[in-house]
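Under UniProt numbering, the first residue of the sequence shown carries the number 1, and numbering increases by one thereafter.
For glycine and all other residues, C-beta sits at the position ideal for the given N, C-alpha and C.
Reviewing the structure listed below.
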Amino acid sequence: MKVVIAGGSGFIGKQLTELLVKNGHEVVILSRGIKKSSEKVAYVPWLTEEATPETELTKVDVVVNLAGVSINDGRWGGKHQKQIYDSRMIATEELIRIIRSLDEKPTTFINASAIGIYPASIQKVYTEESEVMANDFLGRTVQDWENKARRVEEWGIRTVFLRFGVVLGNDGGALPLMVLPYKLFVGGTVGSGQQWVSWIHFMDVVRAIVFVMDNQSIFGPVNVTAPNPVRMQPFGKTIASVLNRPHWFPTPAFLMKLVLGKKSKLVLEGQQVLPKVLTQEGFTFLYPTLEHALINLLKK
């Protein structure tokens, strides 16, 4: 297949490109910078005044939208929140414009999303069938993002919204910051410790994207989380165990709010989210348990 990726230079995008190339697919990455194409990966300029990517895209099978400013960077001040929101809206709007101009439309559009669309809760369990939506910054951003992406359905294109959980990897995502206190021997419970962490190993993320590409019966929301979410306290204890470090120095909520600002919600609040669609469709997780995932990532 010919796969176009927006956001191909990001943490997940790089890993996805590598897996797609390994599987024999043709990859085109939409890029703001000028990059030299190779035999296996082509780079097409976009989101600049001179760029006309639609003239270089022919016979596209799948479009994957991973574009957007990372939510893991910055303090979530007003300016950064605007960047997070606008980057997703602008990139998705441009992809819609590109697809509209193509004579041959792709068969599948896969749009990144996030489990932040579900409200924080200690008791509730969320699946793709859950209709309640969060009304905070991240919840509203995800809802608007999915609603905009949904417009490609007008052309009969299968559209999937991948609601990523907390992605664990050494080169990006939340794990490096979560592990650092333990490496410094000051790790411990963050906040109440009762908040849920719906995590997933980065390799299972990219494998899930390819799985969705290959399975035409999958459409709509898909929770991209491991089947065994855990609360923050056992999450921290598992890090400590894998690294052979103590778990004893608690980090109170007020300190996290002081250090991280509004972004502290990412670690002080959480949701118990299950990957019902992936499980029902027969997806096999390489790392279904947290200990298994952390051993792979932290013992290298």
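The straight-line gap separating the alpha-carbon atoms of I200 and G10 is approximately 17 Å. Take P250, set aside five residues on each side of it, and the residues of its chain with a beta-carbon closer than 6 Å to its own are G188, T189, in chain order. For R150, the secondary structure class from DSSP, reduced to helix, strand or coil, is helix. In this chain, the alpha helix (DSSP H) harbouring V277 covers 276-280.
Put simply, the region 270-279 touches the region 210-229. At least three CB pairs are less than 8 Å apart. CA-to-CA, the gap between K36 and E56 works out to about 15 Å.
Residue L266 holds the alpha-carbon nearest to the alpha-carbon of G173 among E54, K262, L266, W248. In terms of Cβ geometry, Q233 and I122 do not form a close pair [threshold 9 Å]. In this structure, the beta-carbon distance from G236 to G193 falls below 9 Å. Fully contained in the UniProt domain "DUF1731" (251-296) are the following alpha helix (DSSP H) runs of length 4 or more, in chain order: 253-260, 265-268, 276-280. The beta carbons of T284 and Q216 sit no closer together than 9 Å.
The beta carbon of T17 sits closer than 8 Å to those of I5, G8, V27, I29, V41, all from its chain and outside the five residues before and after it, given in chain order.
For I12, the uninterrupted alpha helix (DSSP H) segment begins and ends at 11-22. With 16 or more other CB atoms across the displayed protein chains lying within 10 angstroms of its CB, K263 is buried.
Assignment of beta-bridge partners to W196 by DSSP yields R231.
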